[in-house]
Amino acid sequence: MITECSLQVRTYECDSYGHVNNANYLNYLEYARYEFLRAIGFDYPRAVKAGYGVYIARIEIDYKKPALTDDELTIKSWPVKKGTVSGVVAQEIWRGKDLIVAAKVTWAFVDSRGLPTKIPKEWDLPGLKPAT
């Protein structure tokens with residue numbers, strides 16, 4: 198399942214060259230991952246109240262082209278790997294037909310102490326698994 202969300206680049210997210218600052222892409226990807234979780238029925242606030250979390254362990258990001266102020270961006274997210282404790286989500290940021298960013302994000306399910314833990318059945322949703 199590929200989920201999509203959109204956003205518009207704001208002026209304060211750009212550097213002196215008029216390009217989106219590289220660190221802001223992490224915020225865009227974070228926003229899209231939250232929307233991905235929501236789309237697959239994962240209630241993140243409820244998971245946190247239950248004493249769990251989803252921590253990011255690694256992000257691999259390739260910058261392909263710059264995004265500029267007022268660009269309309271579409272962010273696509275989908276699962277590519279899933280284990281008993283962690284997984285990987287692929288993400289792409291597009292401006293129309295131009296690929297701006299490609300990323301792979303490794304996440305881990307954690308308990309209330311922030312330690313990796315097996316995903317309880319209640320939170321181990323089908324949408325976390327890649328299509329076969």
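In our numbering, the protein residues as written are 198 to 329.
We put the beta carbon where it would ideally sit given N, CA and C, even for glycine.
Here the structure is a predicted model, which is why all the values come from computation and not from measurement.
Item                                                                                                          : Value
Closest residue to C202 among Y214, L325 and L234 (Cα-Cα distance)                                            : L234
Cβ pair G248, L322 closer than 8 Å                                                                            : no
For L265: DSSP bridge partner residues                                                                        : H216
Own chain partners of E232 with C-beta closer than 7 Å, once the 5 adjacent residues on each side are dropped : T200 and C202
Other residues of its chain near T281: CB distance less than 8 Å, five sequence neighbours each side excluded : K315 and I316
S213, buried or exposed, once every other Cβ within 10 Å from all chains shown has been counted against 16    : exposed
Rounded straight-line distance, which links the Cα of R207 to that of V277                                    : 30 Å
Three-state secondary structure (DSSP) of K326                                                                : coil
Classification of L270 by the beta-carbon crowding that lies within 10 angstroms, buried from 16 upward       : buried
Buried or exposed by the 16-neighbour rule on C-beta atoms within 10 Å, applied to W205                       : What sits at residue 205 in the sequence shown is Gln, not Trp. Exposed, by the Cβ-count rule.
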